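K.L.:
Quick one: this structure, given as structure tokens, is what I'll be asking you about.
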Amino acid sequence: MNDLSTAAAALYKSVNSATSPEELNTLLDAIWRRHWPMGAISDDEAQFLAEAIQNRKPERGLIAQSPIVKLHARLSSRFRTRQRPRSPDRQASRDRRRTLGSSSSMPPAMRAMFTEGQRAVLAIVAGEVKHHGVCDLPYDKIAAIAGVCRTTVQTAMHEARRLGFIHIIERPQRSRKNLTNLIRITYTEWTTWIKRGPTAHRPPSCELPAAGLIGSKAVKMVNPTKNTDTRKKLCAKIAGAAHSNDRRQSIRRASLPDSVDGRSQQPGVKA
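The numbering used here numbers the first residue of the sequence shown as 234 and each following residue consecutively.
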């Protein structure tokens with residue numbers, strides 16, 4: 234549009250020199266609320282300026298970053314951005330979460346303070362502390378074993394530390410990735426509980442043979458059909474003891490004199 238009035242030309246110049254969407258919105262508001270109602274610009278000029286403002290606005294979600302912003306983002310982090318882990322089998326993760334969350338890895342008073350996912354996380358911590366004395370697993374691995382997300386692990390750790398159940402030792406490293414946190418149980422009742430009872434989580438290095446497991450101790454499986462063998466062994470043992478006793482008595486009688494044995498004869502009496 235070439236034949237613009239003086240006011241419309243000034244507004245068009247302001248539209249082209251605007252540097253942000255906020256300035257464009259201010260100009261659009263001024264056109265429809267001040268310049269057009271007062272007759273400073275015509276209807277066609279107002280429509281032309283509104284279309285020019287709309288064309289200059291960036292599309293939503295497509296605002297390009299400047300090279301300086303990209304360079305700053307690249308230099309601010311020396312490590313690759315952590316990717317959000319996803320469970321390859323949601324059904325298996327849910328089953329693990331429910332199994333660990335319903336296990337008896339903590340006292341009943343503690344169970345009521347945490348959700349199912351948080352109880353599953355603390356069950357992993359309890360198993361590691363019982364077998365290794367401390368839990369040094371990374372949060373991502375705890376989340377994978379417990380069948381929860383990383384945020385649930387962080388929430389469970391924060392809540393347990395706030396209530397005084399655990400103590401977390403952070404191990405930062407300069408110019409390198411930080412070491413995993415060391416998690417120790419400070420609640421005496423919980424420590425006694427996991428020492429006396431079984432744990433739902435057993436580290437691979439502490440696994441026992443599959444046969445005859447009760448809790449965390451291996452026991453010898455007894456078959457009821459073996460009672461007959463036990464009875465036979467007992468009878469043989471009793472018979473052997475009786476035979477040995479008879480033999481000892483016979484040897485003792487043979488070694489005693491006749492007078493002691495009660496078989497002495499009077500003189501002149503023929504036996």
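Quick reminder that beta carbons are idealized off the backbone N, C-alpha and C, glycines included.
The structure presented is a predicted model; accordingly, all values stated were derived computationally and were not measured.
May I ask you to report which of helix, strand or coil DSSP gives residue 407?
P.N.:
Here residue 407 is taken as the residue at index 174 of the sequence shown, counted from 1. Coil.
K.L.:
When burial is assigned at 16 or more other CB atoms within 10 Å of the CB, is residue 327 buried or exposed?
P.N.:
As a working mapping, residue 327 is identified with position 94 in the sequence shown. So residue 327 counts as exposed.
K.L.:
Would the region 370 to 390 and the region 403 to 412 be scored as touching if the rule is three or more Cβ pairs under 8 Å?
P.N.:
no
K.L.:
In this structure, what does DSSP give as the bridge partners for residue 412?
P.N.:
Numbered from 1 along the sequence shown, position 179 holds the residue referred to as residue 412. Looking at the DSSP assignment, residue 412 forms a beta bridge with 404.
K.L.:
So for residue 274, helix, strand or coil by DSSP?
P.N.:
If you number the sequence shown from 1, residue 274 lands on position 41. Here DSSP, grouped into helix, strand and coil, assigns residue 274 to coil.
K.L.:
Going straight from the alpha carbon of residue 350 to that of residue 320, what length do you get?
P.N.:
Counted from its first residue, the sequence shown places residue 350 at position 117. Counted from its first residue, the sequence shown places residue 320 at position 87. About 15 Å.
K.L.:
Have a look at residue 356 and residue 336 and give me their C-alpha separation to the nearest angstrom.
P.N.:
Taking the first residue of the sequence shown as 1, we reach residue 356 at position 123. Taking the first residue of the sequence shown as 1, we reach residue 336 at position 103. Each residue's Cα considered, the two are about 8 Å apart.
K.L.:
When you compare only the Cα positions, how much space is there between residue 361 and residue 332?
P.N.:
Start at 1 with the first residue of the sequence shown, and residue 361 comes out as number 128. Start at 1 with the first residue of the sequence shown, and residue 332 comes out as number 99. So the alpha carbons of these two residues sit roughly 17 Å apart.
K.L.:
In or out: residue 423 buried (at least 16 other Cβ within 10 Å) or exposed?
P.N.:
Taking the sequence shown and counting its residues from 1, the one referred to as residue 423 is at position 190. Flag for residue 423 reads buried.
K.L.:
Take residue 250 as the anchor and find which of 286, 343, 398, 371 has the nearest alpha-carbon.
P.N.:
As a position in the sequence shown, residue 250 is number 17, starting the count at 1. Checked all of 286, 343, 398, 371; the closest Cα to residue 250 is 286.
K.L.:
Would you report the Cα separation of residue 389 and residue 373, rounded to the nearest angstrom?
P.N.:
One-based indexing of the sequence shown puts residue 389 at position 156. One-based indexing of the sequence shown puts residue 373 at position 140. Spanning the two alpha carbons is a distance of roughly 13 Å.
K.L.:
If I measure Cβ to Cβ from residue 274 and keep anything under 8 Å in the same chain, skipping five residues before and after, which residues do I get?
P.N.:
Taking the first residue of the sequence shown as position 1, residue 274 is located at position 41. 238, 240, 241, 244, 264, 268, 282.
K.L.:
Pull up the distance between the alpha-carbon of residue 280 and that of residue 253, whole angstroms please.
P.N.:
The residue you call residue 280 lines up with position 47 of the sequence shown. The residue you call residue 253 lines up with position 20 of the sequence shown. Rounded to the nearest angstrom, the two C-alpha atoms are 21 Å apart.
K.L.:
Is residue 382 helix, strand or coil when you go by DSSP?
P.N.:
Here residue 382 refers to the residue found at position 149 when the sequence shown is read from its first residue. Three-state DSSP puts residue 382 in coil, outside helix and strand.
K.L.:
Since residue 370 is in the alpha helix (DSSP H), which residue starts that stretch and which ends it?
P.N.:
In the sequence shown, residue 370 corresponds to position 137, counting from 1. Here residue 370 belongs to no alpha helix (DSSP H), and DSSP marks it neither H nor E.
K.L.:
Rounded to a whole number of angstroms, what is the C-alpha to C-alpha distance between residue 341 and residue 397?
P.N.:
In the sequence shown, counting from the first residue as 1, residue 341 sits at position 108. In the sequence shown, counting from the first residue as 1, residue 397 sits at position 164. C-alpha of residue 341 to C-alpha of residue 397: approximately 16 Å in a straight line.
K.L.:
Using the Cα positions of residue 259 and residue 271, report the straight-line distance between them to the nearest angstrom.
P.N.:
Position 26 of the sequence shown, counting from 1, holds the residue named residue 259. Position 38 of the sequence shown, counting from 1, holds the residue named residue 271. If you draw a straight line from the Cα of residue 259 to the Cα of residue 271, it is about 17 Å long.
K.L.:
Using 8 Å as the threshold, is the C-beta distance between residue 425 and residue 400 below it?
P.N.:
As a first step, residue 425 must be located in the sequence shown, where it is residue number 192. As a first step, residue 400 must be located in the sequence shown, where it is residue number 167. No, Cβ-Cβ distance for residue 425 and residue 400 is not below 8 Å.
K.L.:
Go to residue 428, then tell me how far its alpha helix (DSSP H) extends in each direction, as first and last residue.
P.N.:
Translated into positions along the sequence shown, residue 428 becomes position 195. Start and end: 421 to 429.
K.L.:
Taking all protein chains shown into account, decide if residue 474 is buried (16 or more other Cβ within 10 angstroms of its Cβ) or exposed.
P.N.:
Here residue 474 refers to the residue found at position 241 of the sequence shown. It is exposed - the Cβ of residue 474 has fewer than 16 other Cβ atoms within 10 Å.
K.L.:
From residue 375 to residue 354, what does the alpha carbon distance come to, in whole angstroms?
P.N.:
In the sequence shown, counting from the first residue as 1, residue 375 sits at position 142. In the sequence shown, counting from the first residue as 1, residue 354 sits at position 121. Using only the alpha carbons, I get a separation of about 7 Å.
K.L.:
According to the neighbour-count rule (16 or more other Cβ atoms, all chains shown, within 10 Å of its Cβ), is residue 278 buried or exposed?
P.N.:
Residue numbering aside, residue 278 sits at position 45 when the sequence shown is read from its first letter. Under this definition residue 278 is a buried residue.
K.L.:
To which residues of the same chain is residue 367 closer than 6 Å at the C-beta, ignoring the five residues directly before and after it?
P.N.:
Taking the sequence shown and counting its residues from 1, one reaches residue 367 at position 134. These residues qualify, in order along the chain: 415, 417.
K.L.:
Roughly how many angstroms separate the alpha carbons of residue 247 and residue 391, rounded to a whole number?
P.N.:
Stepping through the sequence shown from its first residue, residue 247 is reached at position 14. Stepping through the sequence shown from its first residue, residue 391 is reached at position 158. For the pair residue 247 and residue 391, the Cα-to-Cα distance works out to about 53 Å.
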